[in-house]
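Residue numbers (the working numbering): 1 to 315. Just so you know, even glycine gets a beta-carbon here, dropped at the ideal spot from N, CA and C.
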Ligand SMILES: [Zn+2]
Ligand SMILES: [Zn+2]
């Protein structure tokens with residue numbers, strides 16, 4: 001029975017079953033989808049600038065280097081705690097001010113606006129490793145999963161996966177996208193040319209690829225057939241994520257509604273530690289990690305099923 005189910009699933013999701021318009025990964029890599037031409041241009045800009053910076057300042061000095069790492073660390077916390085665990089999966093509820101600060105640092109780190117990030121991420125979980133997954137390496141290959149989907153996957157599926165994210169407190173951030181990225185890219189120039197490159201474009205490229213590895217290398221479990229979840233834990237990626245927990249991706253796909261991604265002391269998860277600290281400070285509550293909830297908000301966590309309706313708070 002298990003074998004026939006697997007065969008049927010593999011057949012259902014065979015790449016040959018889909019027409020060219022449904023296979024965006026078959027486009028040339030430079031064919032950006034509509035408004036995502038801006039994303040494409042931004043990614044080229046930071047990479048070209050970073051390469052120039054590495055050639056001019058390969059050793060920027062400790063203050064600049066540590067400053068760049070600190071910015072990447074703070075921005076990474078914004079993405080994993082606010083975007084991923086709080087907004088996309090609702091596995092923790094944040095005080096609005098805490099959520100606002102974490103959203104700002106995530107955007108400063110190049111993670112984009114929260115509503116589109118979260119709705120695309122919910123689609124990723126609901127359709128993991130099917131042709132409707134935004135970033136499956138099984139269908140599109142490594143570079144599709146790592147980067148290309150960012151500018152070629154088409155409109156954000158907000159109507160289906162993010163109706164709750166149309167609230168003004170989320171939508172308003174899209175209007176700050178260009179000013180925040182301009183500040184992130186150009187602002188470090190105030191501290192000199194080495195800081196301009198390292199605190200700006202080089203840090204932004206580092207943060208981008210750290211996040212993108214979750215979609216690419218964390219979805220390369222061997223022996224998986226099309227249509228089965230290919231997520232896996234990748235220990236070395238924890239270093240690049242500065243132990244913030246996102247590299248425990250198999251854990252996360254197993255329990256996407258949990259705020260805790262590292263499940264034991266050998267799986268460091270500073271994102272979860274940050275959530276516990278915010279909880280102690282009264283800035284986070286309804287932490288879903290297996291403990292009984294003391295203060296239920298009435299809204300369940302999201303992402304426990306492939307079924308899209310399970311991701312739709314209106315359902
Ligand atoms: Zn995944
Ligand atoms: Zn997730």
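Buried or exposed by the 16-neighbour rule on C-beta atoms within 10 Å, applied to residue i
{"i": "residue 94", "result": "buried"}
{"i": "residue 182", "result": "exposed"}
{"i": "residue 21", "result": "For residue 21, the predicted structure reports a pLDDT of 45, less than 50, and the residue's modelled location is therefore unreliable. The matter cannot be settled from this model."}
{"i": "residue 78", "result": "buried"}
{"i": "residue 120", "result": "buried"}
{"i": "residue 265", "result": "exposed"}
{"i": "residue 159", "result": "exposed"}
{"i": "residue 56", "result": "exposed"}
{"i": "residue 172", "result": "exposed"}
{"i": "residue 90", "result": "buried"}
{"i": "residue 256", "result": "buried"}
{"i": "residue 48", "result": "exposed"}
{"i": "residue 105", "result": "buried"}
{"i": "residue 151", "result": "buried"}
{"i": "residue 178", "result": "exposed"}
{"i": "residue 260", "result": "buried"}
{"i": "residue 157", "result": "buried"}
{"i": "residue 144", "result": "buried"}
{"i": "residue 115", "result": "buried"}
{"i": "residue 70", "result": "exposed"}
Straight-line gap, residue i to residue j (C-alpha atoms, nearest Å)
{"i": "residue 185", "j": "residue 200", "result": "5 Å"}
{"i": "residue 88", "j": "residue 180", "result": "21 Å"}
{"i": "residue 138", "j": "residue 132", "result": "12 Å"}
{"i": "residue 76", "j": "residue 287", "result": "19 Å"}
{"i": "residue 211", "j": "residue 23", "result": "23 Å"}
{"i": "residue 213", "j": "residue 240", "result": "10 Å"}
{"i": "residue 274", "j": "residue 101", "result": "14 Å"}
{"i": "residue 247", "j": "residue 73", "result": "14 Å"}
{"i": "residue 202", "j": "residue 284", "result": "32 Å"}
{"i": "residue 50", "j": "residue 258", "result": "36 Å"}
{"i": "residue 37", "j": "residue 43", "result": "10 Å"}
{"i": "residue 65", "j": "residue 45", "result": "21 Å"}
{"i": "residue 226", "j": "residue 67", "result": "42 Å"}
{"i": "residue 279", "j": "residue 262", "result": "18 Å"}
{"i": "residue 281", "j": "residue 103", "result": "19 Å"}
{"i": "residue 188", "j": "residue 228", "result": "44 Å"}
{"i": "residue 27", "j": "residue 174", "result": "27 Å"}
{"i": "residue 378", "j": "residue 245", "result": "Any answer about residue 378 is impossible in this case: the structure gives the chain only from 1 up to 315."}
{"i": "residue 276", "j": "residue 63", "result": "30 Å"}
{"i": "residue 163", "j": "residue 192", "result": "43 Å"}
{"i": "residue 190", "j": "residue 130", "result": "46 Å"}
{"i": "residue 142", "j": "residue 40", "result": "17 Å"}
{"i": "residue 272", "j": "residue 81", "result": "8 Å"}
{"i": "residue 290", "j": "residue 249", "result": "18 Å"}
Option nearest residue i by Cα separation, candidates the options
{"i": "residue 166", "options": "128, 225, 118, 187", "result": "118"}
{"i": "residue 238", "options": "22, 268, 195, 188", "result": "268"}
{"i": "residue 231", "options": "177, 135, 38", "result": "135"}
{"i": "residue 123", "options": "161, 179, 207, 227", "result": "161"}
{"i": "residue 53", "options": "74, 288, 205", "result": "205"}
{"i": "residue 209", "options": "147, 70, 248, 81", "result": "147"}
{"i": "residue 218", "options": "207, 235, 225, 226", "result": "235"}
{"i": "residue 111", "options": "125, 28, 83, 47", "result": "83"}
Those residues which DSSP pairs with residue i across a bridge
{"i": "residue 322", "result": "Past the edges of the chain, shown from 1 to 315, lies residue 322, and the structure says nothing about it."}
{"i": "residue 285", "result": "93"}
Sub-8 Å separation of residue i and residue j beta-carbons
{"i": "residue 198", "j": "residue 60", "result": "yes"}
{"i": "residue 99", "j": "residue 92", "result": "no"}
{"i": "residue 96", "j": "residue 169", "result": "yes"}
{"i": "residue 154", "j": "residue 25", "result": "no"}
{"i": "residue 270", "j": "residue 243", "result": "yes"}
{"i": "residue 196", "j": "residue 107", "result": "no"}
{"i": "residue 253", "j": "residue 126", "result": "no"}
{"i": "residue 233", "j": "residue 215", "result": "no"}
{"i": "residue 109", "j": "residue 207", "result": "yes"}
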